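Our numbering applies: residue 38 is where the sequence shown begins, and numbers increase by one.
Every residue, glycine too, gets a C-beta built ideally from N, C-alpha and C.
All values derive from a computational prediction rather than experimental measurement.
Okay, so here's the structure we're looking at.
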Amino acid sequence: MTSVSTGRPTHRRGHRQWAQIFGIGFALWLASLVVTLLTANANLVPTLILLGSFLVPLTFVAWSFERWRDEHITAELIIRAFVVGGLLGVLAAAVLETYLLEPSPLLFVAVGLIEEAAKLGALVFVTRHLARRHGRDGFVLGAAVGFGFAAFESAGYAFNALLTVKGLSLTALVETELLRSVLAPFGHGLWTAILGGVLFRQARSGRFRLDRAVLLTYVGVSLLHALWDSTHSIALALTFVLTGTPWQYRLLSMGYLPTPTSKQVHVFTMLSVGLLALVSLLGIAALLITWRRTPPENEPTTALP
38 MTSVSTGRPT HRRGHRQWAQ IFGIGFALWL ASLVVTLLTA NANLVPTLIL
88 LGSFLVPLTF VAWSFERWRD EHITAELIIR AFVVGGLLGV LAAAVLETYL
138 LEPSPLLFVA VGLIEEAAKL GALVFVTRHL ARRHGRDGFV LGAAVGFGFA
188 AFESAGYAFN ALLTVKGLSL TALVETELLR SVLAPFGHGL WTAILGGVLF
238 RQARSGRFRL DRAVLLTYVG VSLLHALWDS THSIALALTF VLTGTPWQYR
288 LLSMGYLPTP TSKQVHVFTM LSVGLLALVS LLGIAALLIT WRRTPPENEP
338 TTALP
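And the structure:
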């Protein structure tokens, strides 16, 4: 909430609606999964995809909305940022990646730059008429756009996992949703929250500014994004460097991918998880540093009509 006398944001505590959203949503997702398994009714699959893809992102948006907001940051605006901002970001990224991306060693860097730019543009669009801008409001609204992007993207991944050469695979769908739900708090929502916080903090006279701080933050979160997407490839390369055998190197030199040993599978899994954890910690550290550099009492800016 915002103090009437000072116009400063204050913490909101005690409602814990985010916990109710997660509890009810998870129960509905489980019920949908059980009924789908019992009835083999393919009509229920879209419900399972949507519930599984949107549950965790919505929960974290509700949590951030309850923790810190001004009175002018309404539930309607948060929902618009999540749905409209997230969807616009996904659509813009899809178009740009289709026409701009080419296979290269810097592919993941290009993906990070494109998707973070798409989310930044979506955030600017959905908040263009906001009357007052506090720096810390940008974290909440940025998280809403980022988590909306993550939810729509996860729905696509879940749908693709469902379709296999052997037919529909409910197991692959559920595994994909569970994995992406666990990783969701450390990805798009986190990165766009950081960028949104700096964007709002640097706004002056009701206008957003792409100044040095915003541009450096954009590059920083794009590199975090690229590192996150690269963890699988890095873990695979490290696994062969650490545990590779001569015959595997010989197959690689001939253009074949050798079958990994059981030990290599375990090493690859540990490296993948470890790298994801490292990138997550870097993102959380960046968020905390940016948050502390954006005091709650900073002067809000008033948007131009």
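Worksheet item: Counting pairs of Cβ atoms below 8 Å between the segment 51-64 and the segment 92-107, do you hit three or more?
Response: Using a Cβ-Cβ distance cut-off of 8 Å, the segment 51-64 and the segment 92-107 are in contact, since at least three pairs of beta carbons, one from each stretch, lie closer than that value.
Discussion item. Please classify Gln239 as buried or exposed, where buried requires at least 16 other C-beta atoms within 10 Å of its C-beta.
Written reply: Locating residue 239 in the sequence shown gives position 202, counting from the first residue. Around the C-beta of Gln239, 16 or more other C-beta atoms lie within 10 Å, and the residue is accordingly described as buried.
Discussion item. Can you tell me whether Gly292 is helix, strand or coil according to DSSP?
Written reply: Your numbering for residue 292 matches position 255 in the sequence shown. Three-state result, Gly292: coil.
Item to complete: Give the straight-line distance between the Cα atoms of Ser242 and Leu138, rounded to the nearest whole angstrom.
Response: To locate residue 242, count along the sequence shown from 1; it is residue 205. To locate residue 138, count along the sequence shown from 1; it is residue 101. Cα-Cα distance, rounded: 37 Å.
Discussion item. Cutting at 7 Å between CB atoms, please list the residues of its own chain near Ala230, excluding the five before and the five after it.
Written reply: Stepping through the sequence shown from its first residue, residue 230 is reached at position 193. So the qualifying residues of the chain are Phe176, Gly179, Ala180, Gly183, Leu324.
Worksheet item: So Ile271 is in the alpha helix (DSSP H); what residue range does that whole segment cover?
Response: In the sequence shown, counting from the first residue as 1, residue 271 sits at position 234. 249-280 is the span of the alpha helix (DSSP H), which, as asked, contains Ile271.
Discussion item. I believe Leu220 touches Leu288 by the beta-carbon criterion, under 8 Å. Please report the beta-carbon distance rounded to the nearest angstrom.
Written reply: As a first step, residue 220 is located in the sequence shown; it is residue number 183 there, counting from the start. As a first step, residue 288 is located in the sequence shown; it is residue number 251 there, counting from the start. Cβ-Cβ separation between Leu220 and Leu288: approximately 32 Å, too far for a contact (criterion under 8 Å).
Worksheet item: If you draw a straight line from the alpha carbon of Ala79 to that of Ala129, how long is it in whole angstroms?
Response: Indexing the sequence shown from 1 puts residue 79 at position 42. Indexing the sequence shown from 1 puts residue 129 at position 92. Between Ala79 and Ala129, the C-alpha separation is close to 30 Å.
Item to complete: Return the residue from the list Arg169, Trp66, Val202, Thr76 that minimises the CA-CA distance to Thr84.
Response: The sequence position of residue 84 within the sequence shown is 47, counting from 1. Taking only the C-alpha atoms, the option nearest Thr84 is Trp66.
Fill in: Which listed residue (Trp55, Leu315, Phe237, Trp328) has its alpha carbon closest to that of Leu157
Reading the sequence shown from its first residue, position 120 is the one you call residue 157. For Leu157, the nearest C-alpha among the options comes from Phe237.
Item to complete: Could you check the C-alpha separation between Trp316 and Val258 for me, to the nearest Å?
Response: Mapped onto the sequence shown, residue 316 falls at position 279. Mapped onto the sequence shown, residue 258 falls at position 221. Contrary to the premise, residue 316 reads as Val rather than Trp in this sequence. The alpha-carbon atoms of Val316 and Val258 are separated by roughly 11 Å.
Worksheet item: Should Tyr255 be labelled buried (16 or more other beta-carbon atoms within 10 Å of its own) or exposed?
Response: In the sequence shown, the residue the question calls residue 255 occupies position 218. Label assigned to Tyr255: buried.
Worksheet item: DSSP puts Gly204 in a beta bridge; with which residues?
Response: Within the sequence shown, the letter at position 167 stands for residue 204. Its beta-bridge partners are Thr201.
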